[in-house]
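**Q** This structure is in structure tokens; I'll ask about it shortly.
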Amino acid sequence: MKFGPIPTSEARDAILAHSQPLASGKLSKGHRLQADDLARLQAEEVTTVIVCRLEPGDLMEDEAADRLSAAIDRRGLTRSPASTGRVNFYASANGLFRASKTLVDRFNAVDPAITLACLADR
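Be aware that the sequence shown starts at 3, since it is given in the working numbering, and climbs by one per residue.
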């Protein structure tokens, strides 16, 4: 994946790495920039945007989050759709949730860009 700031004029088909607020309305993180988006950015004098360009084998963050969340045992849990690279899990039954610290630590050791977070047992 190529990531970083580029001139707005060169950003067609690039994917926004961060939301871009504009007077005419926000462009969301993960949005693939098209010609009309570039015109809006340039009209508001945004000269540089931070983007990513996928290379072969790269995944968008929502697809990666979906794949990772599929590896988690979801008995007793429901999950949200992936959004901005995040999936939330919710209890589907009353009771106490107890996470295995060992499994959470193993999951998080895969890559520093991946995080499984939960509350500690009380």
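Even glycine gets a Cβ: it sits at the ideal position worked out from N, Cα and C.
Pull up the distance between the alpha-carbon of S11 and that of Q44, whole angstroms please.
**A** Reading the sequence shown from its first residue, position 9 is the one you call residue 11. Reading the sequence shown from its first residue, position 42 is the one you call residue 44. Near 8 Å, if we compare the C-alpha coordinates of Q44 and S11.
**Q** G78 and A101: beta carbons closer than 8 Å?
**A** The residue labelled residue 78 in the question sits at position 76 within the sequence shown. The residue labelled residue 101 in the question sits at position 99 within the sequence shown. Their beta carbons are not under 8 Å apart, which means G78 does not touch A101 by this criterion.
**Q** Keeping to the same chain, check which residues put their C-beta closer than 7 Å to that of R42; ignore five residues upstream and five downstream.
**A** Here residue 42 refers to the residue found at position 40 of the sequence shown. So the list reads L24, S26, once near-sequence residues are dropped.
**Q** Where does Q22 sit, in a helix, a strand or coil, going by DSSP?
**A** Taking the sequence shown and counting its residues from 1, the one referred to as residue 22 is at position 20. Reduced to three states, the DSSP call for Q22 is strand.
**Q** E63 to I8, Cα distance in whole Å?
**A** As a working mapping, residue 63 is identified with position 61 in the sequence shown. As a working mapping, residue 8 is identified with position 6 in the sequence shown. Computed Cα separation, rounded: 20 Å.
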